[in-house]
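Notes follow the structure.
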Amino acid sequence: MRIVIHRALLAALCLALGVWGGVVARAAASEPEMPKAAWPMFRGDPALNGVAAGKLSTPLTLRWTYKTGGAVRSSPAVADGRVFVGSDDERLHAVDFAKGTNLWSFKTGGPIESSPLVLEGKVFIGCDDGVMRAFDAAKGNLLWSFPTGDKIPGSPNFTRAADGKGWSILFGSFDSRLYCLDAGTGRSNWAFETGTGIKGTPAVAGGLTVVGGCDAMVHVISLTNGTQLGEVEIGAPMLASPAMHQRRAYVGHNENVFFCVDLERGTNLWSYKDRGFAYISSPAMMGERVVFGGRDKRLHCLNKDTGNVIWTFPTRSKVDSSPAICADKVVVGSDDGRLYIVSLKDGKEQWSYAIGQPITSSPAVADGKVVVGCEDGNVYCFGPKEAEAGRQAR
Numbered sequence: 125m126r127i128v129i130h131r132a133l134l135a136a137l138c139l140a141l142g143v144w145g146g147v148v149a150r151a152a153a154s155e156p157e158m159p160k161a162a163w164p165m166f167r168g169d170p171a172l173n174g175v176a177a178g179k180l181s182t183p184l185t186l187r188w189t190y191k192t193g194g195a196v197r198s199s200p201a202v203a204d205g206r207v208f209v210g211s212d213d214e215r216l217h218a219v220d221f222a223k224g225t226n227l228w229s230f231k232t233g234g235p236i237e238s239s240p241l242v243l244e245g246k247v248f249i250g251c252d253d254g255v256m257r258a259f260d261a262a263k264g265n266l267l268w269s270f271p272t273g274d275k276i277p278g279s280p281n282f283t284r285a286a287d288g289k290g291w292s293i294l295f296g297s298f299d300s301r302l303y304c305l306d307a308g309t310g311r312s313n314w315a316f317e318t319g320t321g322i323k324g325t326p327a328v329a330g331g332l333t334v335v336g337g338c339d340a341m342v343h344v345i346s347l348t349n350g351t352q353l354g355e356v357e358i359g360a361p362m363l364a365s366p367a368m369h370q371r372r373a374y375v376g377h378n379e380n381v382f383f384c385v386d387l388e389r390g391t392n393l394w395s396y397k398d399r400g401f402a403y404i405s406s407p408a409m410m411g412e413r414v415v416f417g418g419r420d421k422r423l424h425c426l427n428k429d430t431g432n433v434i435w436t437f438p439t440r441s442k443v444d445s446s447p448a449i450c451a452d453k454v455v456v457g458s459d460d461g462r463l464y465i466v467s468l469k470d471g472k473e474q475w476s477y478a479i480g481q482p483i484t485s486s487p488a489v490a491d492g493k494v495v496v497g498c499e500d501g502n503v504y505c506f507g508p509k510e511a512e513a514g515r516q517a518r
């Protein structure tokens, strides 16, 4: 891997990151408060850290199943008592979180791999028909649509608008562009062109966004105007989404390396290379640990400061699903058709459920429940038994 921070942009990058703490503090003060009983977007938060609030009891029991008309590769979002998820049946589905019943659905022009973003009463989602759409989250009315030049497999993220009065939506397309739109109107604020298509979701923190794609580059971009501040040459296409923590970005690529980049210094702090299998799963981070799946059929947990292995957990097939961390537990799906919960401390299995078909959807964790899609066309909700749920409520 080779770090390529353009000399002309290095000073701007250092300046932006040098005031990182102040920017983060101001951004945090203006961000909408994330409800504890919610998982409103892919990976749960704009930095894509994959961490849920509250606790998760085991064993879990199946609470409900919701059937769509196609494979569910989209990862669910949970907010305001609703589950939102896309399907290969070309529909965005809104489902009652408590009952698993349909509230509304919308027919698009192609399969939906993108995961929804729920923000202040609106839901945003991309589609393989190349269109980003915004809906009224309660009623399902289409508010606006924005066409791109190719499919949108990744999920939208958000940031405070440059004028401080509204919100901006960020997402990548296979037309090689990262877009920033006004969340209220769908009008374009700016677009940044990469070398090739963008599959993952851009991470947002501290006035910056970090995104990668099939051009084997990680791009560091200003949220204000879409100016590129630097780039990292990683040597292989990146299909996963990065996670950002303080001044670092964590992600794996399509060959067999997972890495940590110091954005301020423009250096690769460490790389993890085990066996010759791709890392498509996006990482989750809590404390000193970073956790991600691999096509080597394992879930990996590393020390986020050193890259040293803390533990690995074996499944029976590849792990493209991105893990979620809730307190002391990690939840992840596998192509072996099982949903797993393992200990964050030592990687020991605490619970699993055999669905039977591959799980490439990433689990959403909210209010002590887990919601995940499956390639059998169903969305599954797991939670504590009723008696245990009552004790948690008290």
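Residues in the sequence shown are numbered consecutively from 125, following my numbering.
Yeah, the Cβ is synthetic: ideal placement off N, Cα and C, and Gly gets one too.
Computed from a prediction, not measured in an experiment: that's the story for all the values here.
- Using a Cβ distance threshold of 8 angstroms, TYR504 and THR189 count as a contacting pair.
- For the pair SER199 and SER211, the CB atoms are not nearer than the 8 angstroms cut-off.
- About 17 angstroms separates the beta carbon of ASN281 from that of VAL209, a gap too long to meet the 8 angstroms contact definition.
- When DSSP reads this structure, ALA448 sits in a beta bridge with VAL455.
- For VAL335, the closest C-alpha among the options MET368, ARG311, ASN313 is that of MET368.
- Around the CB of PRO164, 16 or more other CB atoms lie within 10 Å, so the residue is classed as buried.
- Looking from the CA of ARG419, the closest CA among ILE404, GLN370, GLU473, ALA177 belongs to ILE404.
- In the DSSP assignment, the residues bridged to ARG413 are MET410, ASN427.
- For ARG301, the closest C-alpha among the options GLY264, HIS343, THR439, LEU266 is that of HIS343.
- Judged by DSSP in its simplified three-state form, GLU244 adopts coil rather than helix or strand.
- Residue state for GLU510 is assigned as helix, using DSSP reduced to three classes.
- Cβ atoms of PHE248 and ILE293 come within 8 angstroms of each other, at about 6 angstroms.
- In this model, PHE270 and VAL255 are separated by some 5 angstroms (Cα to Cα).
- Shown here for ALA261: same chain residues with a beta carbon closer than 8 angstroms to its own, the five before and five after excluded, namely ALA203, ASP204, ARG206, PHE208, ALA218, VAL242, GLY245, LYS246, VAL247 in chain order.
- In terms of Cβ geometry, ASN380 and ALA402 form a close pair [threshold 8 angstroms].
- Cβ contact annotation for PRO170 (same chain, cutoff 8 angstroms, sequence separation greater than five): GLU155, ASN281, PHE282, THR283, ALA327, VAL328, ALA329, in chain order.
- The distance from the Cβ of PRO240 to that of ALA201 is about 4 angstroms, consistent with a contact at the 8 angstroms cut-off.
- Secondary structure of ASP253 (DSSP, three-state): coil.
- In the structure shown, the three-state DSSP call for LEU180 is coil.
- Taking the C-beta atoms as reference points, PHE506 is found nearer than 8 angstroms to TYR477.
- The alpha-carbon separation between TRP475 and TYR464 amounts to approximately 6 angstroms.
- Considering only THR192, LEU227, PHE221, ASP274, the residue with the shortest C-alpha distance to ARG215 is THR192.
- Collapsing the DSSP output to three states places ILE434 in a strand.
- Take the alpha-carbon of GLY390 and the one of ARG187: they are about 47 angstroms apart.
- Shown here, GLU214 sits in coil according to DSSP, grouped into three states, outside any helix or strand.
- In terms of Cβ geometry, GLY174 and SER446 form a close pair [threshold 8 angstroms].
- Counted as a single uninterrupted DSSP element, the beta strand (DSSP E) harbouring MET341 occupies residues 341-346.
- Annotation for GLN474: the continuous beta strand (DSSP E) segment containing it runs 473-478.
- Here GLY308 is not near GLY331, since their CB atoms are 8 angstroms or more apart.
- Here PHE221 carries a coil assignment [DSSP, helix/strand/coil].
- Membership of TYR374 in the beta strand (DSSP E) is indicated by the continuous run 372-376.
- ASP491 carries a coil assignment under DSSP once its states are collapsed to helix, strand and coil.
- In the structure shown, MET368 falls within a strand segment according to DSSP collapsed to helix, strand and coil.
- Membership of LEU393 in the beta strand (DSSP E) is indicated by the continuous run 391-396.
- Residue pairing of ALA201 in beta bridges, as defined by DSSP: PHE208.
- Taking C-beta atoms under 8 angstroms as the contact rule, GLY278 and PHE295 qualify, at a distance of about 6 angstroms.
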